[in-house]
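**Q**
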Amino acid sequence: MSLLNTVLNTKQDKLCSVFFSAGFPGLNDTKKIIQDLDANGVDFIEVGLPYSDPMADGETIQYSSAVALKNGINLDIIFEQLKEVKGTVKAPLVLMGYLNQVLKYGEIKFCELCQECGIETVILPDLPMIEYENHYKALFAKYGISNVFLITPQTSKERILKIDEMSDSFIYVVASSSITGAKGEISQGQVDYFNRIKAMNLKSKLIVGFGISNKSTFDTACEYMNGAIIGSAFVNHLKNEGVDTIDQFVKGIID
Amino acid sequence: MEPKFQPTKEGYYGQFGGAFIPELLFPNIKELEDNYLEIIYSDAFQKEYKYLLDQYVGRPTPLYLSKGLSKKHNASVYLKREDLCHTGAHKVNNTIGQILLAKHLGKKRIIAETGAGQHGVATATVCALMDLECIVFMGEVDIERQAPNVARMKMLGASVVPAKSGSKTLKDATNEAIRDWIGNPEETYYLIGSVVGPHPYPDMVARLQAVISEEIKEQLLAQTGNENPDTVVACVGGGSNAAGAFYHYLENEDVELVAVEAAGLGVNSGESAATSQLGEVGVIHGSKTILMQDEFGQIVEPYSISAGLDYPGVGPLHAYLYESKRATFLNATDQEALDAAYELSRVEGIIPALETAHALAALDKMDIKEGQVIVVNLSGRGDKDLQTYIDNLKA
Chain A
1 MSLLNTVLNT
11 KQDKLCSVFF
21 SAGFPGLNDT
31 KKIIQDLDAN
41 GVDFIEVGLP
51 YSDPMADGET
61 IQYSSAVALK
71 NGINLDIIFE
81 QLKEVKGTVK
91 APLVLMGYLN
101 QVLKYGEIKF
111 CELCQECGIE
121 TVILPDLPMI
131 EYENHYKALF
141 AKYGISNVFL
151 ITPQTSKERI
161 LKIDEMSDSF
171 IYVVASSSIT
181 GAKGEISQGQ
191 VDYFNRIKAM
201 NLKSKLIVGF
211 GISNKSTFDT
221 ACEYMNGAII
231 GSAFVNHLKN
241 EGVDTIDQFV
251 KGIID
Chain B
1 MEPKFQPTKE
11 GYYGQFGGAF
21 IPELLFPNIK
31 ELEDNYLEII
41 YSDAFQKEYK
51 YLLDQYVGRP
61 TPLYLSKGLS
71 KKHNASVYLK
81 REDLCHTGAH
91 KVNNTIGQIL
101 LAKHLGKKRI
111 IAETGAGQHG
121 VATATVCALM
131 DLECIVFMGE
141 VDIERQAPNV
151 ARMKMLGASV
161 VPAKSGSKTL
171 KDATNEAIRD
181 WIGNPEETYY
191 LIGSVVGPHP
201 YPDMVARLQA
211 VISEEIKEQL
221 LAQTGNENPD
231 TVVACVGGGS
241 NAAGAFYHYL
251 ENEDVELVAV
261 EAAGLGVNSG
271 ESAATSQLGE
281 VGVIHGSKTI
291 LMQDEFGQIV
301 EPYSISAGLD
311 YPGVGPLHAY
321 LYESKRATFL
331 NATDQEALDA
341 AYELSRVEGI
351 IPALETAHAL
361 AALDKMDIKE
371 GQVIVVNLSG
381 RGDKDLQTYI
391 DNLKA
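Protein sequence lines, in the order shown, are assigned to chains A and B. The numbering used here applies: residue 1 is where the first sequence begins, and numbers increase by one. The numbering used here applies: residue 1 is where the second sequence begins, and numbers increase by one.
Below you can see the structure in the form of structure tokens.
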């Protein structure tokens with residue numbers, strides 16, 4: 001069983017995940033950010049692979065990606081940074097990037113380096129399920145990598161069942177029809193959507209992302225789902241406060 | 001015989017195409033994929049589409065035998081006059097078709113991306129015609145460079161939203177349009193301007209532009225007794241005018257197809273948009289194609305004097321035409337395109353768009369046989385490029 005699945009199955013609720021872009025705000029901040037998030041009780045950490053054209057991301061993550069790229073970040077450096085982190089943290093790491101980065105780097109090389117760095121989970125929002133099934137599932141399985149799929153309020157019941165079947169860690173429940181970015185509140189419509197998904201009794205754990213920006217939205221999401229992911233709000237914190245007060249940010253979200 | 005250059009059910013031309021979209025857009029793309037062929041080939045759609053192409057766009061556009069170019073090349077050089085379409089380019093063939101499709105799907109809000117503003121103007125035009133809300137995403141840099149087209153779009157009632165991300169040009173405007181669609185998936189229709197994007201867009205746009213080669217066939221037959229030319233030449237950015245000019249000749253390999261890309265300051269100058277020469281297989285805007293990128297898959301910003309050709313990718317059909325060698329890919333520099341534009345203006349009294357001028361410039365690079373029948377797709381007129389032409393004449 002992957003480390004992530006052990007975490008998901010052990011804790012089961014109020015799972016807290018935090019996203020940031022590797023190489024932001026400084027090129028070499030990746031290690032400190034991961035270690036501080038881990039030390040302050042974050043259950044699993046999403047490391048964003050900065051991309052020139054992040055079409056599913058809002059302004060904040062576009063910004064952190066652009067700065068990180070300007071800082072000189074690339075996949076070679078990221079894997080070096082992750083090798084240094086390996087063994088120093090207990091929280092499992094999830095890589096989140098875009099398919100073209102994996103394609104160009106070489107799918108096999110990417111998988112080999114993930115394995116070397118202890119990465120067992122990836123999120124590639126522009127890798128559709130059918131492409132995954134036809135071209136990536138077997139390769140990822142060979143390297144012990146599981147792929148996370150997203151669902152949205154528009155995803156049909158039939159498709160959610162298929163996604164659940166294809167998933168071997170968690171399902172990324174997109175809180176609303178939107179790109180990433182802090183929204184502030186959770187509406188009744190979203191609660192209805194969470195309840196609808198919950199009532200399906202899926203085998204996969206359900207983690208909410210997009211629009212989880214503070215303690216209140218985190219707690220509300222966790223009332224219905226197994227946990228939530230904070231992305232843009234944390235990236236904004238890094239942008240404004242730097243890397244020295246990560247503990248305060250995390251304490252502001254989880255007790 | 002199985003057609004070689006039609007996409008598979010999943011939208012693949014060879015290894016290129018597909019629909020690499022976030023799950024958030026799956027319902028939108030599925031809705032289109034399930035309905036586009038049925039709607040486009042329904043009697044009601046065809047009747048309205050044909051009527052608007054004839055009476056609103058001004059089709060059929062003429063096929064004109066250029067005496068000047070024919071004499072120069074000792075051949076028969078025909079110009080397919082898409083520059084005479086309403087709004088000044090072939091772009092409107094596609095927007096008329098897609099706006100009718102959007103109406104059939106009950107969409108209320110139309111979004112589009114634009115580079116030079118030609119597709120934006122063509123979209124704003126059909127939205128005015130159909131009384132639909134129109135939002136055009138345009139790179140902040142392009143908004144500055146293409147002020148007259150921005151003014152046109154606004155006059156037609158469209159909102160022009162500046163894309164401030166990335167390089168602030170066409171690819172970023174496309175990213176912003178996709179982001180908007182993700183945020184507004186139900187009422188909104190994304191009207192893509194070229195044979196790019198996730199399946200079914202490349203196939204749909206090619207089919208809507210196919211009227212160009214349909215007419216070339218009829219007109220050549222009437223003028224020469226043979227519906228097939230030896231060669232069809234068209235410029236390629238994303239590739240919509242080329243897709244339309246090639247479409248009905250794709251399966252007839254006796255007809256040579258020449259695609260002309262923008263070399264900018266020279267293919268290897270670092271300032272170029274010759275995607276087939278500089279790109280590698282990659283995924284952009286939902287489609288696997290040939291893409292200009294660095295060693296880590298970051299998309300490289302292309303350059304051309306022509307804002308309609310500086311796209312870092314190319315439609316998946318064209319990537320396949322390149323890989324399979326069905327089409328010959330040539331390129332022309334900024335200067336070669338300018339020279340070709342000045343030449344056509346003088347010898348024929350036709351000022352072409354800068355994009356089109358690249359196709360004309362390729363004639364000088366082709367090995368033309370005596371009497372060869374060549375059709376150049378004159379995709380657009382040069383009104384929008386006058387300032388560039390004037391500046392470069394002075395220099």
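Glycine included, each C-beta is placed from N, C-alpha and C at the ideal position. All values derive from a computational prediction rather than experimental measurement.
Using only the alpha-carbon positions, how far apart do A:Y143 and A:Q115 sit?
**A** Their backbone Cα atoms lie some 6 Å apart in a straight line.
**Q** Determine whether the beta carbon atoms of A:N100 and B:G282 lie at a separation below 9 Å.
**A** In this structure, B:G282 lies closer than 9 Å to A:N100 by Cβ.
**Q** Step through the CB atoms of chain A and report whether any lies within less than 9 Å of the CB of B:R404.
**A** Residue numbering for chain B in the displayed model covers 1 to 395; residue 404 of chain B lies beyond these limits and cannot be assessed.
**Q** Considering only C-alpha positions, which residue in the set B:F16, B:L65, B:I374 and B:E133 is nearest to B:E256?
**A** Comparing Cα-Cα distances from B:E256 to each of B:F16, B:L65, B:I374 and B:E133, the minimum goes to B:I374.
**Q** For the candidate residues B:I350, B:V195, B:K72 and B:I390, whose alpha-carbon lies nearest to that of B:Y64?
**A** Checking every option, the nearest Cα to that of B:Y64 belongs to B:I350.
**Q** Look at the alpha carbon of B:T230 and the alpha carbon of B:S345, and state the distance between them as a whole number of angstroms.
**A** Reading the sequence as shown, one finds Asp at residue 230 of chain B and not Thr. Those two C-alpha atoms are separated by around 25 Å.
**Q** The ligand GTP heavy atoms versus the CB of B:L79: any closer than 8 Å?
**A** Looking at this structure, you won't find the ligand GTP or any other ligand, since it has none at all.
**Q** I need the DSSP call for B:G88, collapsed to helix, strand or coil.
**A** Note: B:G88 maps to helix in three-state DSSP.
**Q** According to a CB-to-CB cut-off of less than 9 Å, which residues of the stretch 272-291 of chain B neighbour chain A?
**A** Here the close residues are E280, V281, G282, V283, I284, H285, G286, K288 and L291.
**Q** For B:Q146, name the three-state secondary structure that DSSP assigns.
**A** Coil at B:Q146, not helix or strand.
**Q** Is DSSP giving B:M138 helix, strand or coil here?
**A** Three-state result, B:M138: strand.
**Q** Grouping DSSP H, G and I as helix and E and B as strand, with all else coil, what is B:A259?
**A** DSSP places B:A259 in strand when its eight states are reduced to three.
**Q** What residue does the alpha helix (DSSP H) around B:I39 start on, and which one ends it?
**A** Its alpha helix (DSSP H) spans residues F26 to I40.
**Q** Could you give the residue range of the alpha helix (DSSP H) that holds A:V174?
**A** Run containing A:V174: none in the alpha helix (DSSP H); it sits in the beta strand (DSSP E), F170 to V174.
**Q** Is the beta carbon of A:G227 sitting closer than 9 Å to the one on A:D13?
**A** Closer than 9 Å, so yes.
**Q** Provide the residue(s) that pair with A:L201 in DSSP beta bridges, ordered along the chain.
**A** As written in the sequence, residue 201 of chain A is Asn, which differs from the Leu given in the question. DSSP lists no partner for A:N201.
**Q** Select from B:K30, B:A243 and B:V300 the residue whose C-alpha is nearest the C-alpha of B:Q6.
**A** Residue B:A243 is the option with its Cα nearest to B:Q6.
**Q** Using three-state DSSP, classify B:K288 as helix, strand or coil.
**A** Here B:K288 sits in strand by DSSP.
**Q** From the DSSP output, in three-state form, read off B:T333 for me.
**A** Strand at B:T333.
**Q** For a contact meaning CB atoms closer than 7 Å, what does A:N236 contact in chain B?
**A** Here the premise fails: no neighbours, minimum Cβ distance about 17 Å.
**Q** Mind checking whether B:A327 and B:H318 have CB atoms under 9 Å apart?
**A** Yes, Cβ-Cβ distance for B:A327 and B:H318 is below 9 Å.
**Q** Counting contacts by CB-CB distance shorter than 9 Å, is B:P185 in contact with chain A?
**A** It does; some Cβ of chain A falls within 9 Å.
**Q** Is the shortest distance between the beta-carbon of A:K109 and the beta-carbons of chain B less than 9 Å?
**A** False, the Cβ-Cβ gap to chain B never drops below 9 Å.
**Q** May I have the straight-line CA-CA distance separating B:L208 from A:E46, to the nearest angstrom?
**A** Going by the C-alpha atoms only, they are around 43 Å apart.
**Q** Please report whether the beta-carbon of A:M55 lies at a distance below 9 Å from any beta-carbon of chain B.
**A** True, the Cβ-Cβ gap to chain B drops below 9 Å.
**Q** Any beta carbon of chain B sitting closer than 9 Å to that of A:I197?
**A** So no, A:I197 is outside the interface.
**Q** What residues in its chain sit with their C-beta under 6 Å from that of A:I246, if we drop five residues either side in the sequence?
**A** Closer than 6 Å at Cβ, skipping near neighbours: D36.
**Q** Find the residues of chain A that neighbour B:Q298, judging by a C-beta separation of less than 9 Å, and give them in chain order.
**A** The contacting residues are P50, Y51, S52, D53, L69, N74, N100, Q101 and K104.
**Q** Grouping DSSP H, G and I as helix and E and B as strand, with all else coil, what is B:L303?
**A** Correcting the residue type first, residue 303 of chain B is Tyr in the shown sequence and not Leu. Residue state, collapsed to three classes: coil.
**Q** Does the beta carbon of B:D367 come closer than 9 Å to any beta carbon on chain A?
**A** Judged by the 9 Å Cβ criterion, B:D367 is not in contact with chain A.
**Q** Anything in chain A within Cβ reach of B:K171, meaning under 8 Å, just list it in chain order.
**A** Residues of chain A passing the Cβ test: D53.
**Q** Bridge partners of A:F44, per DSSP?
**A** DSSP lists A:S17 as partners of A:F44.
**Q** On a Cα-Cα basis, can you pick out the residue from B:I368, B:A341, B:D367 and B:E370 that is closest to B:T356?
**A** Taking only the C-alpha atoms, the option nearest B:T356 is B:A341.
**Q** Only counting runs of 4 or more residues, tell me where the alpha helix (DSSP H) segments fall wholly within the stretch 47-115 of chain A, in order along the chain.
**A** Taking only runs of at least 4 residues, the alpha helix (DSSP H) segments lying wholly in the stretch 47-115 of chain A are 59-71, 75-85 and 99-105.
**Q** Bridge partners of B:E214, per DSSP?
**A** In DSSP, B:E214 forms no bridge with anything.
**Q** DSSP three-state call for A:K259: helix, strand or coil?
**A** Residue 259 of chain A is absent from the model: chain A starts at 1 and stops at 255.
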